[in-house]
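Numbering-wise (UniProt numbering), the sequence shown opens with residue 1 and increments by one. Don't be surprised by glycine CBs; every beta carbon is placed ideally from N, CA and C. Down below is the structure, laid out as structure tokens.
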Amino acid sequence: MKLTLAFAAALFCASPVLAHTGTLTYTLLHRVTRTMDGEEKVSPWFPRMLLTIPTTPQGMSLASSENFSSNLEFPEAYENALYQLKMVPGDARSYTDEENRQWIDRDAGFLSSVKLCQLLVPNTDVPLLDAVKIRLSNVPTSDSSPAHITSMAYVVEQDIKLDAQSCPIFDKDTQPVYPSTFGTDMRVMVPESAPIPELKDTTGDSSTTTGSEKESRPGTKMGKKDPPKNLVEFLQQYWMYILPVVVLFMLPSAVDVPEPPTRATDQSGVAQRVTPGPAAAAVRAKAK
């Protein structure tokens with residue numbers, strides 16, 4: 001049994017009952033469910049392993065996992081079947097009748113499942129590579145509330161291709177079987193803290209500071225841009241206002257401009273003199 005602890009920070013005790021050890025004890029149960037002719041058949045829960053989960057730096061040396069001799073029988077037909085796991089607190093082998101009703105008979109505890117076909121291996125000498133991922137509520141610190149387990153996920157990590165039904169694909173000459181041993185990897189994880197963003201100082205200082213440090217400096221205006229220092233910076237900052245004006249000037253006029261009148265010309269292109277008629281002569285005579 002492999003044991004991998006993926007911690008982002010130091011952990012402290014998540015249970016007042018186990019404060020002196022800095023660990024939590026859980027039992028991992030497993031069973032098989034099948035759907036046949038519209039009817040669901042469910043096998044009983046059987047203990048698979050005992051997990052000792054560290055919750056403090058002192059408890060890391062006490063992390064362990066213990067396999068049980070399980071009586072769970074896998075069916076030959078794995079179509080429409082699920083392999084389910086449930087993690088319950090304490091050692092389920094020593095449960096009282098009331099604890100059995102509370103944690104085993106009901107849908108209590110942390111549940112996870114995969115298709116039963118994903119457990120198949122080429123032969124019994126090949127262990128099944130799987131993992132139990134346990135996530136805590138928060139990164140424990142001196143100011144935070146006690147951490148507790150929020151979820152459990154079971155995954156099969158075989159390096160093999162899967163078909164459209166998410167079942168492993170074996171060679172034609174291979175007769176897959178259920179594993180006789182499990183190479184289970186237990187992983188305990190906590191959330192990672194988000195990094196503190198760095199803001200650029202616009203007061204002339206080339207160094208970068210956090211938002212709280214910038215607000216404490218006199219004369220610093222958050223969110224205000226520096227005025228442009230040259231034509232390039234001016235265009236980069238105000239191009240969205242200049243571009244519409246330029247486009248308007250480049251658009252063609254919708255009204256035709258009338259052409260000025262031209263003098264009368266003959267077919268040769270030489271201008272001709274027009275002789276006034278009798279009406280024009282009468283007008284001039286009256287004017288005299």
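TODO: Could you check what DSSP says for N123 in three-state terms: helix, strand or coil?
DONE: DSSP places N123 in coil when its eight states are reduced to three.
Task: For L29 and R106, the rounded distance between their alpha carbons - done: The alpha-carbon atoms of R106 and L29 are separated by roughly 13 Å.
Open item on the list: For L162, which residues in the same chain have their Cβ closer than 7 Å to its Cβ, ignoring the five residues on either side in sequence?
Closed with: P168, I169
TODO: Answer yes if the region 148-167 comes into contact with the region 32-47, meaning at least three C-beta pairs across the two stretches below 8 Å, and no otherwise.
DONE: no
- [ ] Could you say which of R31, S64, V32, D37 lies nearest to R187 if we only look at CA atoms?
- [x] S64
- [ ] Report the residue from S180, L243, P122 whose alpha carbon sits nearest the alpha carbon of D159.
- [x] P122
- [ ] Confirm, please, whether the CB-CB distance from L116 to L82 is below 9 Å.
- [x] yes
- [ ] Going by CA-CA distance only, name the one from L120, R31, L51 that's closest to E73.
- [x] Among L120, R31, L51, the Cα nearest to that of E73 is on R31.
TODO: Could you tell me how far apart the beta carbons of T181 and G90 are, in whole angstroms, since I believe they sit closer than 8 Å?
DONE: With 8 Å as the limit, T181 and G90 do not qualify as a contact, their Cβ atoms being about 26 Å apart.
Open item on the list: Can you find the residues in the same chain that come closer than 6 Å, C-beta to C-beta, to R135, ignoring five residues on each side of it along the sequence?
Closed with: T150, S151, M189
Open item on the list: Using 9 Å as the threshold, is the C-beta distance between D185 and D130 below it?
Closed with: Yes, Cβ-Cβ distance for D185 and D130 is below 9 Å.
Open item on the list: Tell me the rounded alpha-carbon separation between Q165 and M240.
Closed with: 54 Å
- [ ] Rank L128, P75, T55 by C-alpha distance to the C-alpha of K41 and give the top, closest one.
- [x] P75
Open item on the list: Can you give me the C-alpha to C-alpha distance between L51 and S137, rounded to a whole angstrom?
Closed with: 18 Å
Task: Sub-9 Å separation of V155 and L128 beta-carbons - done: no
Open item on the list: Pull the bridge partners of G183 from the DSSP assignment, please.
Closed with: DSSP, once it has assigned bridges, lists L129 as partnering G183.
Open item on the list: Looking at the strands, I want to know which residues DSSP matches up with Y154.
Closed with: DSSP output for Y154 lists V132 as bridge partner(s).
TODO: Spell out the partners DSSP gives Y83 in its beta bridges.
DONE: V32, V114
Task: Residues near S70 in its chain [Cβ-Cβ closer than 6 Å; skip 5 each side] - done: F46, R48.
Open item on the list: Quick check: the Cα distance between A77 and S61, rounded to an integer number of angstroms?
Closed with: In this structure, the alpha-carbon of A77 lies about 42 Å from that of S61.
Task: According to DSSP, residues forming a beta bridge with P89 - done: DSSP output for P89 lists Y26 as bridge partner(s).
- [ ] For F234, name the three-state secondary structure that DSSP assigns.
- [x] helix
Task: Unbroken beta strand (DSSP E) run spanning T96, endpoints - done: That residue, T96, is in no beta strand (DSSP E); it is neither H nor E in DSSP.
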